[in-house]
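To start, the structure under review is shown below, and the notes come after it.
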Amino acid sequence: MNYPALIEAQSLVQVGDIAGAEHALATLAETQGDQALVAALDEFPAKDLLAIIREYDSSKESLVNLLVTPEQFAQAVVLEKRYKDLTHEQLRGMINSVIFREGADAAEFLYEIAEVEGGYDSLADYLQERTQMVEHFYRYATFDLYEYGDENKTQAIDDDLLSLTRDTETRASATDRANVEDHDWMEVTYILRYELPEIFREVLMKLRARYQVYLRNLQNDEFAEGLVADATEEDEDDVGAPKKNTDGGDDDDEESAL
Numbered sequence: 001m002n003y004p005a006l007i008e009a010q011s012l013v014q015v016g017d018i019a020g021a022e023h024a025l026a027t028l029a030e031t032q033g034d035q036a037l038v039a040a041l042d043e044f045p046a047k048d049l050l051a052i053i054r055e056y057d058s059s060k061e062s063l064v065n066l067l068v069t070p071e072q073f074a075q076a077v078v079l080e081k082r083y084k085d086l087t088h089e090q091l092r093g094m095i096n097s098v099i100f101r102e103g104a105d106a107a108e109f110l111y112e113i114a115e116v117e118g119g120y121d122s123l124a125d126y127l128q129e130r131t132q133m134v135e136h137f138y139r140y141a142t143f144d145l146y147e148y149g150d151e152n153k154t155q156a157i158d159d160d161l162l163s164l165t166r167d168t169e170t171r172a173s174a175t176d177r178a179n180v181e182d183h184d185w186m187e188v189t190y191i192l193r194y195e196l197p198e199i200f201r202e203v204l205m206k207l208r209a210r211y212q213v214y215l216r217n218l219q220n221d222e223f224a225e226g227l228v229a230d231a232t233e234e235d236e237d238d239v240g241a242p243k244k245n246t247d248g249g250d251d252d253d254e255e256s257a258l
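Numbering follows full-length UniProt numbering, with no gaps: position 239 of the sequence shown is 239.
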């Protein structure tokens, strides 16, 4: 590393001082210019860059988030899975804070993420909690599960994702995007669906596969619960049933003897 600020920042990340590390990088930009920081980040380990970026705070701007390039960000974001955040909330917030920054091309960031090994999985993680709505949007161009879109701006309802091409998606308009401009998962879905259809196809296939696994696990859990309930009922029936006399005696004889 040619920049002392990078060495300092990396050391601070290793001891858990993320704010200090971000300040060290910001100081580099202040003293040598934004381009110096952008160039320096090429030498900064992706895992350490991720540690800084994922600590985003919507109440204040982060110079690193504002200057990180799509390529640098993609290398870092695919490592998010190491944190084992099953909700993926941190991943979503981190991606939103970078790709929707002022002047950024969100599609370029999403494209670069997909280009990195593990990138499709990261995008699927980002959308996983919205799988049914993403599927509905693919079919009907609306996120409302109780509404069907206009057929003249959607493709036929089928499972053939191979029909997704750039040519067929040019029917989307700027007005359509304005309706889902939430700087969050809806806008990401829209961009993938209409600007990056090849990537969207791969991500949707992953979401479908995960959803099928989820349904199978749900069925297995319900089946197991049913077995437990049946066993419990049998036990209760056994407890309430009259017990047989097993001592070899005759109940009638015992009663007459009394």
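Positions of the beta carbon are idealized from the N, C-alpha and C atoms, including for glycine.
Can you name the start and end residues of the alpha helix (DSSP H) that residue i belongs to?
i	result
Lys-47	46-53
Asp-34	34-41
Val-64	63-67
Leu-12	4-14
Gln-72	70-77
Phe-143	Careful: Phe-143 lies outside any alpha helix (DSSP H) and carries neither H nor E.
Glu-80	Segment: none, Glu-80 is in no alpha helix (DSSP H) and carries neither H nor E.
Val-180	Segment: none, Val-180 is in no alpha helix (DSSP H) and carries neither H nor E.
Tyr-194	185-195
Rounded to whole angstroms, what is the Cα-Cα separation between residue i and residue j?
i	j	result
Glu-147	Arg-193	18 Å
Tyr-56	Gly-93	8 Å
Ala-114	Asp-125	12 Å
Val-116	Arg-216	30 Å
Tyr-3	Tyr-111	30 Å
residue 261	Tyr-190	Because the chain spans 1 through 258 in this model, residue 261 falls outside it and cannot be assessed.
Ile-52	Ala-224	44 Å
Gln-72	Ala-46	7 Å
Val-15	Lys-81	21 Å
Arg-139	Gln-10	46 Å
Gln-212	Ile-95	26 Å
Ser-97	Leu-28	21 Å
Arg-54	Ile-199	24 Å
Gly-20	Glu-129	33 Å
Asp-17	Glu-222	46 Å
Gly-33	Ala-39	10 Å
Val-180	Val-188	9 Å
Asp-48	Val-78	13 Å
His-183	Arg-177	11 Å
Asn-220	Tyr-214	10 Å
Ala-74	Val-64	14 Å
Met-133	Glu-8	44 Å
Leu-127	Gln-35	33 Å
Lys-60	His-136	35 Å
Lys-84	Trp-185	20 Å
Glu-195	Leu-218	34 Å
Pro-197	Ala-209	18 Å
Less than 8 Å between the beta carbons of residue i and residue j, yes or no?
i	j	result
Thr-131	Leu-207	yes
Ala-26	Leu-12	no
Leu-41	Val-68	yes
Leu-6	Glu-43	yes
Ala-76	Leu-37	no
Glu-30	Ser-62	no
Phe-100	Pro-70	no
>> Does the stretch 99-107 come into contact with the stretch 126-144, if we say contact requires no fewer than three beta-carbon pairs (one atom in each stretch) closer than 8 Å?
In response: The answer is no - the stretch 126-144 does not touch the stretch 99-107, with fewer than three Cβ pairs under 8 Å.
>> Taking 8 Å as the cut-off, does the stretch 197-207 touch the stretch 115-124 (at least 3 CB pairs, one atom from each stretch)?
In response: Segments in contact, yes.
>> Report the start-end ranges of each alpha helix (DSSP H) in the stretch 97-126 that is 4 residues or longer and not cut off at the edges.
In response: DSSP runs (the alpha helix (DSSP H)) wholly in the stretch 97-126: 106-115.
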